[in-house]
Amino acid sequence: MRKYIFCTGGVISSVGKGVAAASVGRVLKARGMRISIQKLDPYINVDPGTMSPYQHGEVFVTDDGAETDLDLGHYERFTDENLTQASNVTTGQVYAEVIARERQGDFLGGTIQVIPHITNEIKRRIALVGEQSGADVVIVEVGGTVGDIEGLPFLEALRQMRRDVGRENTLYIHVTFLPHVGATGELKTKPTQHSVRELRSIGIQPDIIIARADYPVAGTLCDKIALFCDVERRAVVPLVTTPVLYEVPLILEDAGLGDFIVERLRIETESPDLSEWRELVDRIHAPKSALPIAIVGKYVELHD
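Rendered as structure tokens:
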């Protein structure tokens, strides 16, 4: 049975869900698993091709010519997997498909609603990625932040997926941010607690919480998050900002995330082998020589 990992984000946007999802993919691939990744974007645009790069960043073009979200670039670089148009789903695409089918009479005059028609189309597209790629595990990232009204149909579809394919075949990862209060020098967990509460009100209980922070996260804070968010202590993974993004898979693996995922999903895998990845990170940290590289770009104001 194919496994599904769903990655959501809370507290703030641009919290690092894309890199986290890509890193989970690398950790699983290091165990010999076939993986594929998909991005669900709640905006009503059909694709990012006509969106301002100043608002959304540069598009990433897949092998089949689709203009997709820039997170797909992270996915491909981290996992060495070629993705397709099916790996990027937007609200615009979903509604366009459902409305087109309604005009053709496919629904036999029934009333078209968000539930079940829109959510069924979202679930169909999630399943399609797994069928086309033949992946053992499909990792699905939901864009935006929990609490955004645009993302509700996608989160409802994710909730239904656990009911459809079984609890042992689904896993929810929630990426949050721990803000630092300069006056007291403290990291605060309250926004994370409220974000998880919002997610639970939709019907999704996270299995794993990745706590992003710009400062080291004390073990007592992880204990607190585990208690208030009702997750296992080892399922709370602190992820401190690193200057080298390619370190993230190693950080997650060293924190035991890979072992926890395969245990929770009841997967038998090979022993993890991230030796080549560690060599890559070592070369980045200690380059033998400097090489000037010019990057020519039209839209360069948005650092993301």
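First residue of the sequence shown? That's 2 in our numbering, and the numbers climb one at a time after it.
Where a beta carbon is used, it is the ideal one built from N, C-alpha and C, also for glycine.
If you draw a 10 Å sphere on the C-beta of V197, you find 16 or more other C-beta atoms in it, and that means buried.
For P293, there are no CB contacts under 7 Å within the same chain when 5 residues up- and downstream are skipped. Beta-bridge partners assigned by DSSP to R213: F178 and L240.
A contact is defined here as three or more CB-CB pairs under 8 Å, and the region 166–180 meets this definition with respect to the region 263–272. DSSP places D42 outside any alpha helix (DSSP H); the residue lies instead in the beta strand (DSSP E), whose first and last residues are I36 to D42. Linking I150 to L200 through their CA atoms gives a straight-line distance of about 12 Å. A distance below 9 Å separates the beta carbons of Q86 and G66. About 5 Å separates the Cβ atoms of A212 and L179, confirming a contact at the 8 Å cut-off. For K189, the three-state secondary structure derived from DSSP is coil.
Counting every other CB atom within 10 Å of its CB across the protein chains shown gives G17 a total of 16 or more, marking it as buried.
Across the structure, E98 and P244 are spaced so that their CA atoms are roughly 41 Å apart. The beta carbons of V241 and P217 sit closer together than 9 Å. Within its own chain, the residues whose Cβ lies closer than 7 Å to the Cβ of G19, once the five positions on either side in sequence are excluded, are D72, H75 and E142, listed in chain order.
Under the criterion of beta carbons closer than 8 Å, V147 and T9 qualify as touching, at roughly 6 Å.
Within the model, the alpha-carbon separation for Y5 versus F108 is close to 28 Å. Excluding five sequence positions before and after R32, the CB atoms of its chain that fall closer than 7 Å to its own CB belong to G259, V263, T270, E271 and P273, given in chain order. For I262, the enclosing alpha helix (DSSP H) has its first and last residue at L258 to R265. By the CB criterion at 9 Å, I123 and P154 fall inside the cutoff.
The shortest CA-to-CA distance from C230 to any of R126, S88, T177 and A136 is the one to T177.
With contacts defined by Cβ atoms closer than 9 Å, Y173 and P117 do not form a contacting pair. Straight-line spacing of the CA atoms in A21 and G110 works out to 43 Å. In this structure, DSSP gives T171 an extended state, which the three-state scheme calls strand. In the DSSP annotation of this structure, N121 is not part of any beta strand (DSSP E); the continuous alpha helix (DSSP H) holding it starts and ends at T120 to S134.
Just so you know, the alpha carbons of V95 and P239 end up roughly 35 Å apart.
With a cutoff of 9 Å on beta-carbon distance, D137 and I36 are scored as near each other. Taking 9 Å as the cut-off, the Cβ atoms of D42 and T92 count as close.
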